[in-house]
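In this note's numbering, the protein residues as written are 13 to 230.
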């Protein structure tokens with residue numbers, strides 16, 4: 013980092029740096045970034061939260077999906093400087109485990125995480141963080157989806173490994189776990205660390221149309 017003659021911080025490339033503070037998983041994260049820094053890069057490189065995966069960088073694959081004020085958004089399509097007034101939840105923030113560096117287990121996992129583990133809804137796992145955030149938000153809107161509704165819910169997220177059948181099963185199982193926790197004595201562990209009241213979950217990038225010729229992926 014260097015400075016212009018005016019004292020403005022700049023990067024080695026001469027770009028003006030902006031001091032931003034973003035609430036991520038309930039914790040303020042501060043860094044000096046250029047205006048063009050993507051939220052996905054801020055999360056991974058500046059905040060050190062590498063659970064958010066970057067795939068296509070065009071908002072198509074869904075791997076980088078995070079929750080912005082509770083709604084799923086592609087973090088590769090959002091600038092870090094525009095995220096300052098919003099609450100961001102990454103896959104690390106979905107669980108109730110106290111240390112995000114440790115893999116959650118049992119009741120510390122949120123319903124989507126537990127369901128994906130039970131139903132083998134992942135193989136390589138690269139796409140999984142995006143599915144988990146998407147499904148978590150979706151179940152807030154539709155807590156008891158049908159199989160067809162589950163397929164529609166994940167239509168904006170791509171997976172090369174599973175064939176989607178087990179992911180659909182995971183969505184349905186997540187709905188069951190969520191209902192069990194809310195009606196039982198164990199409570200609801202792993203709610204997203206974002207304010208949910210009066211937040212519409214209608215992101216522009218929730219669904220992605222299939223590429224021509226692919227047919228029904230689910």
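For each residue, glycine too, the CB sits at the ideal point set by N, CA and C.
Keep in mind it's a predicted model, so treat the numbers as computed, not measured.
Assigned secondary structure, residue i (DSSP; H/G/I helix, E/B strand, else coil)
{"i": "residue 40", "result": "strand"}
{"i": "residue 170", "result": "coil"}
{"i": "residue 94", "result": "helix"}
{"i": "residue 99", "result": "strand"}
{"i": "residue 55", "result": "helix"}
{"i": "residue 163", "result": "helix"}
{"i": "residue 35", "result": "strand"}
{"i": "residue 21", "result": "strand"}
{"i": "residue 146", "result": "helix"}
{"i": "residue 29", "result": "strand"}
{"i": "residue 64", "result": "coil"}
{"i": "residue 151", "result": "helix"}
{"i": "residue 72", "result": "coil"}
Beta-carbon separation (whole angstroms), residue i vs residue j, contact threshold 8 Å
{"i": "residue 174", "j": "residue 134", "result": "7 Å"}
{"i": "residue 182", "j": "residue 131", "result": "4 Å"}
C-beta contact flag for residue i and residue j at 8 Å
{"i": "residue 59", "j": "residue 93", "result": "no"}
{"i": "residue 169", "j": "residue 77", "result": "yes"}
{"i": "residue 86", "j": "residue 71", "result": "yes"}
{"i": "residue 91", "j": "residue 151", "result": "no"}
{"i": "residue 122", "j": "residue 102", "result": "no"}
{"i": "residue 190", "j": "residue 155", "result": "yes"}
{"i": "residue 42", "j": "residue 28", "result": "no"}
{"i": "residue 84", "j": "residue 146", "result": "yes"}
Residue i burial status per 10 Å Cβ neighbour count (16 or more: buried)
{"i": "residue 141", "result": "buried"}
{"i": "residue 160", "result": "exposed"}
{"i": "residue 167", "result": "buried"}
{"i": "residue 39", "result": "exposed"}
{"i": "residue 136", "result": "exposed"}
{"i": "residue 194", "result": "exposed"}
{"i": "residue 49", "result": "buried"}
{"i": "residue 192", "result": "exposed"}
{"i": "residue 99", "result": "buried"}
{"i": "residue 188", "result": "exposed"}
{"i": "residue 171", "result": "buried"}
{"i": "residue 97", "result": "exposed"}
{"i": "residue 75", "result": "buried"}
{"i": "residue 25", "result": "exposed"}
{"i": "residue 82", "result": "buried"}
{"i": "residue 196", "result": "exposed"}
{"i": "residue 153", "result": "exposed"}
{"i": "residue 95", "result": "buried"}
{"i": "residue 238", "result": "With the chain running from 13 to 230 in the structure shown, residue 238 is simply not present."}
{"i": "residue 165", "result": "buried"}
{"i": "residue 107", "result": "buried"}
C-beta neighbour in chain C for residue i, strict 8 Å
{"i": "residue 138", "result": "No chain C appears in this structure, which consists of one protein chain only."}
### Query
Is the segment 63-70 touching the segment 122-132 in the sense that three or more CB pairs, one from each, lie closer than 8 Å?
These segments do not touch.
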